[in-house]
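Q: In order, the protein sequence lines correspond to chains A and B. Per the working numbering, the first sequence starts with residue 1, numbered consecutively. Per the working numbering, the second sequence starts with residue 1001, numbered consecutively. Take a look at this one; I'll ask things after.
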Amino acid sequence: MEGVGINGYLAVGAVLFVCGVICMATKRNGIGVLMGVELVLNGANVNFVAFSKFGPLGLDGQIASLFVIVLAAAEAAVALAIVLNFYNNHLTIDVDRANELQG
Amino acid sequence: MELLLFTVFAAAACGGAIAVVLSQNVVRMAFYLVISLGSTAGLFFMLNADFVGATQLLIYVGGTVVLLIFGVMLTASGPFLTIKSSPGDMVQAILVGALFLGMVVVTVLQVDWDGNAAKLESRYGVSSLERPGYNQRGEGHTTRSIGAALLGARFDKDLGKNREQPSTGYLLPFEIVSVHLLVVLIGAAYLARAKRRVNVPSEF
């Protein structure tokens, strides 16, 4: 079959995942960390849909990716509420300043 | 044509993700995130997943990123717009990330996916091409099958077959996710409600 196989999509998913992990690890801005989480979940979604087309998975992969999208939206809402709360209390969103629980 | 479209979408998705990592300005990061997620929706359309692609555009690009941008507008005032991470950290993280990416890509490319699918089919007797619903190559009408599967009926697997028991649907996860979404939204509204600031420094 002419065209891209599964490997191209898996490579794109790997790049998105690694970029998300780097983003989560290096950003000091709380919202930047959130964007890293979105990138990671998006990379996982690409893999799900790719296996749903090329593997023996069928429609199950697409349904799993739909659940991932909904859970990512919920996670973004809660994490954003936490970031806003942190900003209200500390007047910054630098995650390095969130060290009050340090022993 | 397919190769050209894939190249464009994949380059935009990966380039957007890399730009999110390298950019230091939150607003620009949100813009690059929109580019990356939108081209990922294009990849979904190329994979015949029309409903997932549309959901990605509606919920991710239309909902989640707008939520993030509102967060940026509510929090990023003046000096907090660009909080720089130190260059040493960036170099270290990019080094580790490149190593990790190399490992993952090499591992993924070494697996013979088509051979594995053929092995699974010969063992369990499910051919991916005989399904009436989805996996006939080049067909994309998945909305009806996904809707029925979320309500517990698998049209894509059971239609026209004489099965003893029907295939697994997704009614229970659907209900769990809906209750979870309700709880999360109530919790987010509770957490983010306006209240008086404590410990306001005098210089603000």
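In this text, a Cβ means the ideal position worked out from N, Cα and C, and glycines have one as well.
Write down the C-beta distance between alanine 46 of chain A and valine 12 of chain A rounded to the nearest angstrom, noting that I regard them as a contact closer than 8 Å.
A: One detail in the question is off: residue 46 of chain A reads as valine in this sequence, not alanine. So it is a contact: roughly 6 Å between Cβ atoms.
Q: Excluding the 5 residues flanking serine 1085 of chain B on each side, which residues of the same chain have their C-beta closer than 6 Å to its C-beta?
A: Excluding residues within five positions, none has a Cβ falling inside 6 Å.
Q: Against chain B, does asparagine 99 of chain A count as a neighbour if the rule is that its beta carbon must be under 8 Å from one of theirs?
A: Answer no: the Cβ-Cβ gap between asparagine 99 of chain A and chain B never drops below 8 Å.
Q: Can at least three beta-carbon pairs, one atom from the segment 1052-1062 of chain B and one from the segment 1107-1126 of chain B, be found at a separation below 8 Å?
A: With the cut-off at 8 Å, the segment 1052-1062 of chain B and the segment 1107-1126 of chain B do not touch.
Q: Would you tell me roughly how many angstroms separate the C-alpha atoms of methionine 1090 of chain B and leucine 1151 of chain B, rounded to the nearest one?
A: In a straight line, the C-alpha of methionine 1090 of chain B is about 46 Å away from that of leucine 1151 of chain B.
Q: Determine the burial state of asparagine 1048 of chain B: buried for a count of at least 16 other Cβ atoms within 10 Å of its Cβ, exposed for fewer.
A: So asparagine 1048 of chain B ends up on the buried side.
Q: Between the segment 1036-1067 of chain B and chain A, which residues of the former have CB atoms less than 9 Å from a CB of the latter, in chain order?
A: Under the 9 Å Cβ criterion, the segment 1036-1067 of chain B contributes Ser1036, Leu1037, Thr1040, Leu1043, Phe1044, Met1046, Leu1047, Asn1048, Ala1049, Phe1051, Val1052, Gly1053, Thr1055, Gln1056, Ile1059, Tyr1060, Gly1063, Thr1064, Val1065, Leu1067.
Q: Under a CB-based cut-off of 8 Å, is proline 1132 of chain B close to chain A?
A: Interpretation of proline 1132 of chain B is limited by its pLDDT of 42, a score under 50 that renders its predicted location unreliable; no figure is taken from the coordinates.
Q: By the criterion of Cβ-Cβ separation under 8 Å, what are the contact partners of serine 1085 of chain B in chain A?
A: Thr26, Lys27, Arg28, listed in chain order.
Q: When burial is assigned at 16 or more other CB atoms within 10 Å of the CB, is leucine 1037 of chain B buried or exposed?
A: Leucine 1037 of chain B is buried by the Cβ-count criterion.
Q: Taking the alpha carbon of isoleucine 93 of chain A as the point to measure from, which residue in B:Pro1087, B:Val1020, B:Thr1075 has its own alpha carbon closest?
A: Per the Cα distances, B:Thr1075.
Q: So what does DSSP say about asparagine 1048 of chain B, is it helix, strand or coil?
A: In the structure shown, asparagine 1048 of chain B sits in coil (DSSP, three-state: anything other than H, G, I, E or B).
Q: Give the DSSP bridge partners of asparagine 29 of chain A, in chain order.
A: A:Asp94.
Q: If we ignore side chains and look at the alpha-carbon of each, how far apart do phenylalanine 29 of chain A and glutamate 75 of chain A end up?
A: Reading off the sequence shown, one finds asparagine at residue 29 of chain A, where the question assumed phenylalanine. In a straight line, the C-alpha of asparagine 29 of chain A is about 17 Å away from that of glutamate 75 of chain A.
Q: So that I know if they touch, is there some Cβ in chain B lying closer than 8 Å to that of alanine 44 of chain A?
A: So, not an interface residue.
Q: Counting only beta-carbon atoms, is glutamate 1121 of chain B nearer than 8 Å to chain A?
A: Cβ-Cβ to chain A under 8 Å: yes for glutamate 1121 of chain B.
Q: Could you check which residue in B:Thr1168, B:Val1052, B:Glu1121, B:Met1103 has the C-alpha nearest to that of aspartate 1144 of chain B?
A: Residue identity differs from the one stated: residue 1144 of chain B is arginine in this sequence, not aspartate. Minimum Cα distance to arginine 1144 of chain B is reached at B:Val1052.
Q: Note down the Cα distance separating glutamate 1263 of chain B from leucine 1067 of chain B, rounded to an integer number of angstroms.
A: A question about residue 1263 of chain B goes unanswered here, because the residues of chain B that appear run from 1001 up to 1204.
Q: With DSSP as the reference, label leucine 1068 of chain B as helix, strand or coil.
A: DSSP places leucine 1068 of chain B in helix when its eight states are reduced to three.
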